[in-house]
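Numbering (my numbering), first residue to last: 1263 to 1482.
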């Protein structure tokens, strides 16, 4: 298990990191702390898909709680093998109690909650740059028509480049697809390397993307 306290404290003390990014991290930590106050740890779970955003969220959760909370991986029918392999690596590396669901998202969450009725809140690594996320709040109930639980969304305000700065400075292992030019990963049939990263010989790595607004340019 990584020493997340040392990694994150070093990030907060780094001269390479702007104060606005440090403040976002501090706020994310406070959101997780608030979730722990509102719910017992045994009532918390995490949505984990192996992507860059949920990795940042996961390390913040580890920083606050000290151990991983149980997780659910909602796997696309056309998921990348590299992503599935990375999720399996994370399960072993961090000792995750991981449930894998392959049904549609609403059904998958309902299946997970039916099997784990003590769970009342789920951490979700969504950011405002994601579709339909601009008006979300940090702790809120699910919308009408969704399984009933509280969504905890601690990294809502993070920008793309801040996610990558955290992963790089903290030396956190990430999915190999990001080194092949993928900046946002969905199903295989709807995801390509980001055209903004195209070079004469292939694609640059995801963390080299300069324009945050182009993060999802490889999704269709």
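The C-beta atom is built at its ideal place from N, Cα and C for all residues, glycine as well.
Close Cβ partners of residue i (< 7 Å) along its chain, the five nearest in sequence each way excluded
| i | result |
| --- | --- |
| residue 1276 | 1431 |
| residue 1323 | 1294, 1308, 1331 and 1385 |
| residue 1319 | 1385, 1387, 1416 and 1417 |
| residue 1470 | 1459 |
Residue i versus the options, residue with shortest Cα-Cα distance
| i | options | result |
| --- | --- | --- |
| residue 1328 | 1433, 1357, 1335 and 1316 | 1357 |
| residue 1416 | 1467, 1285 and 1266 | 1285 |
| residue 1464 | 1263, 1441 and 1360 | 1441 |
| residue 1267 | 1439, 1336, 1287 and 1279 | 1287 |
| residue 1348 | 1405, 1272, 1476 and 1316 | 1316 |
| residue 1264 | 1449, 1477 and 1435 | 1435 |
| residue 1313 | 1303, 1298, 1461 and 1344 | 1344 |
For residue j and residue i, believed in contact at Cβ under 8 Å, the rounded distance
| i | j | result |
| --- | --- | --- |
| residue 1418 | residue 1390 | 6 Å |
| residue 1321 | residue 1270 | 7 Å |
| residue 1423 | residue 1474 | 6 Å |
| residue 1336 | residue 1363 | 5 Å |
| residue 1444 | residue 1480 | 6 Å |
| residue 1368 | residue 1409 | 7 Å |
| residue 1447 | residue 1439 | 6 Å |
Close beta carbons around residue i, own chain, < 6 Å, minus the five adjacent residues each side
| i | result |
| --- | --- |
| residue 1451 | 1340 |
| residue 1482 | 1452 |
| residue 1449 | 1338 and 1340 |
| residue 1333 | 1308, 1310, 1358 and 1360 |
| residue 1490 | This structure cannot settle anything about residue 1490, because the visible part of the chain is limited to 1263 through 1482. |
Alpha helix (DSSP H) segment containing residue i, residue limits
| i | result |
| --- | --- |
| residue 1306 | Looking at the DSSP string, residue 1306 is not in any alpha helix (DSSP H); the run it does join, the beta strand (DSSP E), is 1306-1309. |
| residue 1485 | Residue 1485 is absent from the model: the chain starts at 1263 and stops at 1482. |
| residue 1337 | Careful: residue 1337 lies outside any alpha helix (DSSP H) and carries neither H nor E. |
Same chain, Cβ closer than 8 Å to residue i, neighbours up to 5 away in sequence not counted
| i | result |
| --- | --- |
| residue 1373 | 1363 and 1365 |
Bounding residues of the beta strand (DSSP E) (the contiguous stretch that carries residue i)
| i | result |
| --- | --- |
| residue 1428 | It is not in any beta strand (DSSP E) - residue 1428 instead sits in the alpha helix (DSSP H) that spans 1422-1431. |
| residue 1297 | Note, residue 1297: premise wrong, no beta strand (DSSP E); alpha helix (DSSP H) at 1281-1300. |
message = Under 8 Å, with one C-beta from each stretch per pair, do the region 1382-1390 and the region 1401-1417 reach the 3-pair mark?
response = yes
Do the region 1336-1350 and the region 1279-1295 meet, that is, are 3 or more Cβ pairs less than 8 Å apart? no
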